[in-house]
Every structure is written in structure tokens, then in C-alpha cells.
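First up is the structure itself, then whatever we jot down about it.
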Amino acid sequence: MEYIVIIVSAALISNVVLSRFLGICAFLGVSNKVDTAKGMGVAVIFVILMATAVTFGINTMFLEKSGIFGLDLTYLQTIAFILVIACLVQFLEMFLKKFIPSLYKALGIYLPLITTNCAVLGVALTVAQDYSNFPKGMIYALGTSVGFCIAIVLLASIREKLEGNDIPESFKGKPIVLIIACLMAIAFTGFSNLNIG
Amino acid sequence: MQIIIFSVALISIIALIIGIFLGVSSEIFKVKVDEKVAKVRECLPGNNCGGCGYAGCDALAEAIAKGEAAVNQCPVGGANVAAKISEIMGVVADESVKMVAFVHCDGTCVNANKVYEYNGTKDCRLAASLPNAGEKKCSYACLGYGTCVEACKFDAIHIIDGVAKVDEEKCVACKACIKACPMKVIGLVLYKKEHKVVCSNRDKGKMAMDACKVSCIACGMCEKTCKKDAINVVGNLAIMNFDKCDDCGDCATKCPRKCIS
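Structural data, given as C-alpha cells:
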């Protein structure tokens, strides 16, 4: 039950994109088509889960005072975590190039950009600071990344519907997307009254 | 001091481990790239227009290297690019004839009669689904809302006086407009050919005559005039055979409707 509460609150109530405003770059950049949005969502889920698992290990083993060195090195979190994330993204890129080249081509430039997707670093840092229990931290990471996936697929499907509509000249392109994202964020605040558990 | 050295050492070690890991996995996940693919890709223009029938220049380069596609498959590059590619592939290229897109309709605002006023979204795909296929009385006409203009990546097609017109110099025959046009009034013709049938109307004489001032009424005058048997009336519409036609222009002068230009 507790795990379900963590997932729902991470995915919907405090959605990573729509209420914490992390990972906006990929959210706006890759949401042209539902297919690529799905690919991006799944890639982000994979990277967030892997990154959280590895960074959780590094954090508890080396960086915290209770770790093997007995020194408080938590100020190294940012640099150590970003190293791990960059490595994982590189690894994912190689993996996709070898085994799923079609998805590799569809994601294009946005695949290496997951490195700078602040949602990934955001989740790793939040887990390191707020969760001392590994399974709970992983469940939180899963919820957050699923939340990202939901948000980007929703935006992509709205944008697909938008094609061919008569949009005022000054709102064409990115402005209308920002307005949609804003309306989605307002809609997602409705989840904050959700009473679970 | 000690803590500074310690943290630097820790980060360096993490970076070293990551470096080794990535180095090893790049060996494991190595993708063999055919040298020919890269070379062929370099020769291609890189517009990614899809005129060759493949998903983009990368896909065509792969297909050519595998021998699945012809060396002169790229309509944009033409003979120049085909020669370069055939050198790489060691195959002799066939002469490729330059073609350009052409709009088989001259239903301009003056020429075409209208049956009603349409004020909806300016999109041919939508207008084509309306009764009578758009506001023009001729239900085979170019609608002039510019769906082909949007599709063209080379700025080679424009709406002039309610009808799409192709700029022969800019057109690369990628067929994007042909695919985009819901009325199917665009086709490929020979580059620099002077005489073409400028109508797509397949209605019978009386109906075609009412619809537009320059419609083909399938009278068969061109067929009788032509000495080379290069123009035939098929399904109430004159169709030109570019293999036989020598561009003499006799049919154009004889055409009572002036729909051969």
C-alpha cells in the first residue's frame, strides 16, 4: 500500500514536469509525435531507474558520513551523480544503436540530451536526500519517471490533434505548446486533493 | 587539505571506472558501418525529402550500398550525383532524364466557375472532402489552398491566381506535392517541355464546358491532329505520351479549348 502511495504521489500529485517543472527541455522538444514521445518516455524511465540505483549505492557507500570513509562528502553529490548519468546515457546510446536502431534514429539529438535532462539529476538528488530505504527510493524513481512519460505522451497527443487547426499567427509553434503545458499543469493541480492511503 | 585530496581522488576513481566501463562496452556494442554507406551518403544532397521512396538520405545510402536501390534513385541530385555514386559503387549509371512536377489545371479565378463560396479552413485535404470536391464547379480542379506549397521543401510550387504553379528551375521532382495533392492534379513532365495538357477534367463535353473556360471536353481534335500518335483521349481527357511527342505544338494550336499550353 505504501508503495502505491509513493508511486501515485510521484507520478500524478507532484508530477515531475507539471508541478515541479523539471525536464522541460525534453518535454517541449520531443513531443511532436506520440511515437517518439513514447520512445523518449521509456528511455527516460530506463535512465532514471539505472541512475537512481547506481547513485544510491555511491551515495550510501562513499558520500555519506555513515559510509566506508566516515567522511561527510555529500557536497560531491552533484558532480558524482552527473558523471554516472552521463555514463548511463552513453551506454544507452550504444545499446540502442546496436539493438534498436529505429528508436535510435527517432530520438536523434534528444537521446544525448537526456544527460542534461534535469529530471534525472533531480530524482537522483531527491532520493539521496529523502530516502534512506533502497526499495522505496527505487519506487519513487519509478513513479517519477512514469509521471514524465505520462506527461510527455499526453502533450504529444494533444499536439498531434492541434495540427491543421487554425491557430493565430502569433501563437504558432512554441507559444501554443507552452500554453497547453500550462493548462495541463493547472489540470494536474487537481490531483493535489486526491486522498489516498 | 586531506579532505580535498580525498574528494578529488574519489571523483577521479569514479571517472576512471566509468571510462573503463564505457570503453569496454563500446567494443562490445560496436556496430559495423559499411564504408560505402558513408561515402554514398556524402554524395547525396541531404534534403531528406523522401522523393526516392526511402525514409531519407541515410536510408537511401544504405539501400544503394546494399544494391537494393539504383545508383540514380535520387531525383534531387540528378545525373551529377548519380555519376559520383556509380563511381563509388563501380556500376555504370543509366542516363536519368530530368523531370519536373506540373499542375494539370488552369482553373484560375477567371477561368473556373464556382458553385458556392467556401470560407472554411484553407486546406486542400479538407476542401476536397466537401460536396463537389471544393467550391470550383469542376470537381477535378486544383483547389488552390496550398497543401502542395506546404509539402514542398524546395520553395518550387506557389499558388498564383488560385492555382498552383511549379517553378521548373527550383523543382527537383521529389514528388512530395504529388503525394500531398488530394485532387491528384499534379504529375511529372519532362523538364523544359513546352506543350502539356493543362486540364484534369474527366467529365463529358457539356459538363466540362460549363465548369471552366479552359477545360478539356474530349473532342479528340488533338488526337486527329497529331502525326506521331503522341496524344490520346482516354476517359474523356487528353493524355500526352512523352516518349512519342516531339513538342511540335500542332495539338496546342488546334485545341478549341486552349487547354494544351
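Residue numbers (numbering that gives the first Met the number 0), protein chains in the order written: chain A, 0 to 196; chain B, 0 to 260. Note that beta-carbon positions come from the ideal geometry of N, C-alpha and C, so glycine has one too.
Can you give me the C-alpha to C-alpha distance between residue i and residue j, rounded to a whole angstrom?
{"i": "A:V46", "j": "A:L87", "result": "7 angstroms"}
{"i": "B:I230", "j": "B:A217", "result": "12 angstroms"}
{"i": "B:C215", "j": "B:A251", "result": "12 angstroms"}
{"i": "A:L48", "j": "A:A42", "result": "10 angstroms"}
{"i": "B:Y53", "j": "B:G18", "result": "38 angstroms"}
{"i": "B:Q72", "j": "B:E86", "result": "15 angstroms"}
{"i": "A:V126", "j": "A:V4", "result": "16 angstroms"}
{"i": "A:P134", "j": "B:K65", "result": "49 angstroms"}
{"i": "B:E168", "j": "B:A155", "result": "8 angstroms"}
{"i": "B:M0", "j": "B:V7", "result": "11 angstroms"}
{"i": "A:E168", "j": "B:V109", "result": "30 angstroms"}
{"i": "B:G145", "j": "A:Q89", "result": "43 angstroms"}
{"i": "B:L142", "j": "B:K205", "result": "22 angstroms"}
{"i": "A:E63", "j": "A:A85", "result": "22 angstroms"}
{"i": "B:G77", "j": "B:N46", "result": "13 angstroms"}
{"i": "A:F26", "j": "A:D34", "result": "14 angstroms"}
{"i": "A:I179", "j": "A:G146", "result": "17 angstroms"}
{"i": "A:C181", "j": "A:K104", "result": "30 angstroms"}
{"i": "B:F261", "j": "A:I166", "result": "Because chain B in this structure spans residues 0 to 260, residue 261 of chain B falls outside the shown range and cannot be described."}
{"i": "A:N194", "j": "A:N31", "result": "34 angstroms"}
{"i": "A:I175", "j": "B:Y117", "result": "27 angstroms"}
{"i": "A:F55", "j": "A:K173", "result": "37 angstroms"}
{"i": "A:G69", "j": "B:L15", "result": "22 angstroms"}
{"i": "B:R256", "j": "B:S128", "result": "28 angstroms"}
{"i": "B:C123", "j": "B:N112", "result": "18 angstroms"}
{"i": "A:L106", "j": "A:R158", "result": "17 angstroms"}
Any idea if residue i is buried or exposed, counting beta-carbon neighbours within 10 angstroms, 16 or more meaning buried?
{"i": "B:V30", "result": "exposed"}
{"i": "B:K136", "result": "buried"}
{"i": "B:A163", "result": "buried"}
{"i": "A:L21", "result": "buried"}
{"i": "B:D105", "result": "buried"}
{"i": "B:S25", "result": "exposed"}
{"i": "B:G234", "result": "exposed"}
{"i": "A:I99", "result": "exposed"}
{"i": "B:G133", "result": "buried"}
{"i": "A:N58", "result": "buried"}
{"i": "A:I67", "result": "exposed"}
If the criterion is Cβ atoms closer than 8 angstroms, does the pair residue i and residue j meet it?
{"i": "A:M39", "j": "A:Y109", "result": "yes"}
{"i": "B:V165", "j": "B:A100", "result": "yes"}
{"i": "B:C176", "j": "B:C151", "result": "yes"}
{"i": "B:V184", "j": "B:C258", "result": "no"}
{"i": "B:N200", "j": "B:Y115", "result": "no"}
{"i": "B:C173", "j": "B:V75", "result": "yes"}
{"i": "B:C244", "j": "B:K223", "result": "no"}
{"i": "B:I63", "j": "B:M98", "result": "no"}
{"i": "B:V295", "j": "B:H103", "result": "The displayed coordinates of chain B run from 0 to 260. Any statement about residue 295 of chain B would go beyond what the structure contains."}
{"i": "A:A10", "j": "A:V152", "result": "no"}
{"i": "B:R40", "j": "B:C56", "result": "yes"}
{"i": "B:I84", "j": "B:V70", "result": "yes"}
{"i": "B:L9", "j": "A:L72", "result": "yes"}
{"i": "B:G186", "j": "B:T107", "result": "no"}
{"i": "A:N14", "j": "A:A150", "result": "yes"}
Select from the options the residue whose C-alpha is nearest the C-alpha of residue i.
{"i": "A:A81", "options": "A:K104, A:N116, A:P100 and A:S131", "result": "Position check: residue 81 of chain A holds Ile in this sequence, whereas Ala was assumed. It is A:N116."}
{"i": "A:V7", "options": "A:E168, A:S144, A:E159 and A:T59", "result": "A:S144"}
{"i": "A:A140", "options": "A:C148, A:A123, A:A150 and A:S156", "result": "A:A123"}
{"i": "B:K121", "options": "B:D105, B:I158 and B:F153", "result": "B:I158"}
{"i": "A:T51", "options": "A:I175, A:L177, A:M137 and A:G172", "result": "A:M137"}
{"i": "A:G189", "options": "A:E1, A:M0, A:G121 and A:S18", "result": "A:S18"}
{"i": "B:I3", "options": "A:A10, A:A9 and A:Y74", "result": "A:Y74"}
{"i": "A:S191", "options": "A:M0, A:I175, A:G56 and A:I12", "result": "A:I12"}
{"i": "B:A37", "options": "B:A237, B:A60 and B:F20", "result": "B:A60"}
{"i": "B:D33", "options": "B:Y117, B:G161, B:A58 and B:S260", "result": "B:A58"}
{"i": "A:A186", "options": "A:D71, A:K37, A:K96 and A:V16", "result": "A:V16"}
{"i": "B:C262", "options": "B:S260, B:I10, B:L129 and B:G186", "result": "This structure cannot speak to residue 262 of chain B, because chain B is shown only from 0 to 260."}
{"i": "B:D246", "options": "B:R256, B:V188, B:K203 and B:G219", "result": "B:V188"}
{"i": "B:I12", "options": "A:E1, A:L106 and A:I78", "result": "A:I78"}
{"i": "B:N79", "options": "B:C42, B:A126 and B:N131", "result": "B:C42"}
{"i": "A:I23", "options": "A:I57, A:K171, A:C148 and A:S156", "result": "A:C148"}
{"i": "B:H194", "options": "B:D202, B:F241, B:E149 and B:D160", "result": "B:F241"}
CB of residue i to nearest heavy atom of the ligand FAD: below 7 angstroms?
{"i": "A:I12", "result": "As presented, the structure is devoid of all ligands, the ligand FAD included, so that no description of it is given."}
**OP:** With 9 angstroms as the C-beta to C-beta threshold (strictly closer), list the residues of the segment 164-193 of chain A near chain B in chain order.
**Re:** Per Cβ criterion, the list reads N164 and D165.
**OP:** Can you give me, in chain order, the residues of the segment 1-14 of chain B that have a beta carbon less than 8 angstroms from any beta carbon in chain A?
**Re:** When C-beta distances to chain A are compared with 8 angstroms, the residues of the segment 1-14 of chain B below that value are I2, F5, S6, L9, I10, I13 and A14, in chain order.
Subject >> Contact set between the segment 24-52 of chain B and chain A, restricted to residues whose Cβ is under 7 angstroms from the partner >> reply: Taking 7 angstroms as the Cβ-Cβ cut-off against chain A, the residues of the segment 24-52 of chain B that qualify are S24, S25, F28 and V30.
**OP:** May I ask you to list, following chain order, the residues of the segment 117-130 of chain B that have a beta carbon less than 7 angstroms from some beta carbon of chain A?
**Re:** Answer set for the segment 117-130 of chain B: T120 and D122.
**OP:** Anything in the segment 89-113 of chain A with a Cβ closer than 7 angstroms to a Cβ of chain B? List those residues in chain order, please.
**Re:** Of all residues in the segment 89-113 of chain A, Q89, F90, M93, F94, K96 and K97 have a Cβ within less than 7 angstroms of some Cβ in chain B.
**OP:** Can you give me, in chain order, the residues of the segment 45-67 of chain A that have a beta carbon less than 9 angstroms from any beta carbon in chain B?
**Re:** Within the segment 45-67 of chain A, the qualifying residues are I57, F61 and L62.
**OP:** Closer than 9 angstroms, Cβ to Cβ, to anything on chain A: give me those residues from the segment 86-112 of chain B, in chain order.
**Re:** If the cut-off is 9 angstroms between Cβ atoms, the segment 86-112 of chain B has nothing near chain A.
Original post:
Using Cβ-Cβ distances below 8 angstroms, what residues of the segment 133-153 of chain A are close to chain B?
Top reply: The residues in question: there are none.
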